[in-house]
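Q: Each residue of the sequence shown is one higher than the one before, starting from 204 at the first, in this note's numbering. For each residue, glycine too, the CB sits at the ideal point set by N, CA and C. To start, I am sharing the structure in question, which I have written as structure tokens.
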Amino acid sequence: MQIFPLIAAAVISASTIIAATKPGIAQDNSFRKSDIVRLIGELPNYTPIREDMIALGFKGEKLEMAVNQIARMLNDPVIASNIADRVIAARNPSIEPAEAGGLFWPLVDRGLGHLPPRDLRYFYLVEQTMLKALPTRQCGLAVKERLAPDKLAAATGRVAARLNTPALREYYRIQYEAARLGASRDVTMLSKRDEARVVEKINEALGRTLADRPDAPALLRAYEDLNRVSNRRACIAGRVFMDAVLAMEGRDLHHALILLSVPLGS
């Protein structure tokens, strides 16, 4: 599972769409999926996306890229159809709201493993950059997966606003492709044999990275249970782990990144 949700840091959830739905539709169980797809495409017109991006530090060309990225996803028919299905599920009282999740990231999660190796590597190189740029406390909480989604999005958004324009443009291209793939395909899973092999390769890579570090024993203890160590230690452990994985090459690297991309519970 990737660590950071960088969608220009705009937090648009299923509840946003539900709240924005016209009262007549909201109270009518016969509302059509097409109504929700249309509403999804209109979200940029009545949510403060641009203002949110400016508050996070986006400006100029990068501001336009961030706003356009969100609008592009919301207006993509494949992505919007999938989101509409999850919004309908979230409105069903028999379904837990958490099952609907965020709008974009379940799709990106599912689509990452379908990306070409080069694109998948680039995606994680950007996430590595994000991890190294986050303040230590937020970094540690993110590695522990204990940072609330809205706070994580805001923190990574402030970092994203400082990325250079070509890097952000390429990241958004890859992110969009992953979301489209995830909207129409299942998660890519390694075979049990390949998974066992790549876990061994990851451990070997991590061992090489730790070999010359005086804090190696402490980091090894941290990997056993990240929730028992300080945020500072968890942050260092996360950064070292990403360094180790991204130092791998060829099929080993590709399989390692596919494994990291598998959403929890898959």
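1) According to DSSP, is Gly316 helix, strand or coil?
2) Hey, could you find the ends of the alpha helix (DSSP H) Leu355 is sitting in?
3) How long is the line joining the alpha carbons of Lys225 and Val290, rounded to whole angstroms?
4) What is the C-beta distance between Ala459 and Val390, in whole angstroms, given that I count them as a contact (C-beta under 8 Å)?
5) Restricting to runs no shorter than 4 residues, where is the alpha helix (DSSP H) found entirely within the region 392 to 459?
6) Just to confirm before moving on: does the CB-CB distance between Glu382 and Phe307 stay below 9 Å?
7) So what's Asn367 in DSSP terms, helix, strand or just coil?
8) In the DSSP assignment, the alpha helix (DSSP H) including Glu264 goes from what residue to what residue?
9) Express the C-alpha separation of Thr412 and Ile220 in angstroms, rounding to a whole number.
10) Where Lys404 and Arg365 are concerned, what is the direct C-alpha to C-alpha distance, given to the nearest angstrom?
11) State the Cα-Cα distance for the pair His457 and Pro320, rounded to the nearest angstrom.
12) Quick one: grab the DSSP three-state call for Glu348.
13) Under DSSP, the alpha helix (DSSP H) around Asp255 begins and ends at which residues?
14) I need the boundaries of the alpha helix (DSSP H) containing Arg241, first residue and last residue.
15) DSSP three-state call for Phe307: helix, strand or coil?
16) So, is Thr359 buried or exposed, given that buried needs 16 or more other C-beta atoms within 10 angstroms?
17) Please return the same chain residues whose Cβ sits closer than 7 Å to the Cβ of Val311, not counting the five positions on each side in sequence.
18) Is Val281 helix, strand or coil by DSSP?
19) For Leu266, which residues in the same chain have their Cβ closer than 6 Å to its Cβ, ignoring the five residues on either side in sequence?
20) Roughly how far, in whole angstroms, is the beta-carbon of Ala274 from the beta-carbon of Pro247, given that I think they are within contact range, below 8 Å?
A: Taking the structure as given:
1) Numbered from 1 along the sequence shown, position 113 holds the residue referred to as residue 316. Correct three-state label for Gly316: coil.
2) Translated into positions along the sequence shown, residue 355 becomes position 152. Per DSSP, Leu355 is one residue of the alpha helix (DSSP H) stretching across 352 to 363.
3) The sequence position of residue 225 within the sequence shown is 22, counting from 1. The sequence position of residue 290 within the sequence shown is 87, counting from 1. Bear in mind that the predicted position of Lys225 carries a pLDDT of just 44, short of 50, making it too unreliable to give a figure here.
4) Against the sequence shown, residue 459 aligns to sequence position 256. Against the sequence shown, residue 390 aligns to sequence position 187. Their Cβ separation, rounded to whole angstroms, is 16 Å, which puts Ala459 and Val390 out of contact at 8 Å.
5) Correct list: 395 to 413, 419 to 427, 434 to 449.
6) In the sequence shown, counting from the first residue as 1, residue 382 sits at position 179. In the sequence shown, counting from the first residue as 1, residue 307 sits at position 104. It should be pointed out that residue 382 corresponds to Ala in this sequence rather than to Glu. For the 9 Å CB-CB criterion, Ala382 and Phe307 form a contact.
7) On the sequence shown, position 164 is the one that residue 367 refers to. DSSP, reduced to helix, strand and coil, places Asn367 outside both helices and strands of the structure shown, so it counts as coil.
8) Here residue 264 refers to the residue found at position 61 of the sequence shown. Taken as a continuous stretch (DSSP letters only), the alpha helix (DSSP H) holding Glu264 covers 263 to 278.
9) As a position in the sequence shown, residue 220 is number 17, starting the count at 1. As a position in the sequence shown, residue 412 is number 209, starting the count at 1. At Ile220 the pLDDT is 48, less than 50, meaning the model places this residue with poor confidence; the figure from the coordinates comes in the next sentence. Here the alpha carbon of Ile220 sits roughly 45 Å from the alpha carbon of Thr412.
10) What you label residue 404 is simply residue 201 of the sequence shown in a count that begins at 1. What you label residue 365 is simply residue 162 of the sequence shown in a count that begins at 1. Spanning the two alpha carbons is a distance of roughly 34 Å.
11) As a first step, residue 457 must be located in the sequence shown, where it is residue number 254. As a first step, residue 320 must be located in the sequence shown, where it is residue number 117. Near 6 Å, if we compare the C-alpha coordinates of Pro320 and His457.
12) In the sequence shown, the residue the question calls residue 348 occupies position 145. Residue state for Glu348 is assigned as coil, using DSSP reduced to three classes.
13) Taking the sequence shown and counting its residues from 1, one reaches residue 255 at position 52. DSSP places Asp255 in the uninterrupted alpha helix (DSSP H) bounded by 252 to 259.
14) Along the sequence shown, one-based indexing puts residue 241 at 38. 236 to 249 is the extent of the alpha helix (DSSP H) around Arg241.
15) What you label residue 307 is simply residue 104 of the sequence shown in a count that begins at 1. The answer is coil: DSSP assigns Phe307 none of H, G, I, E or B.
16) What you label residue 359 is simply residue 156 of the sequence shown in a count that begins at 1. Here Thr359 is buried, its C-beta having at least 16 other C-beta atoms within 10 Å.
17) Reading the sequence shown from its first residue, position 108 is the one you call residue 311. In chain order, Gln378, Ala381, Ala382, Gly385 place their CB closer than 7 Å to the CB of Val311, counting only its own chain and leaving out the 5 sequence neighbours on each side.
18) Counting from one through the sequence shown, the residue named residue 281 turns up at place 78. Helix, per DSSP.
19) As a first step, residue 266 must be located in the sequence shown, where it is residue number 63. In the same chain as Leu266, and ignoring 5 residues on each side of it, the C-beta atoms closer than 6 Å to its own belong to Met256, in chain order.
20) Taking the first residue of the sequence shown as position 1, residue 274 is located at position 71. Taking the first residue of the sequence shown as position 1, residue 247 is located at position 44. With a contact defined as Cβ atoms closer than 8 Å, Ala274 and Pro247 qualify at about 5 Å.
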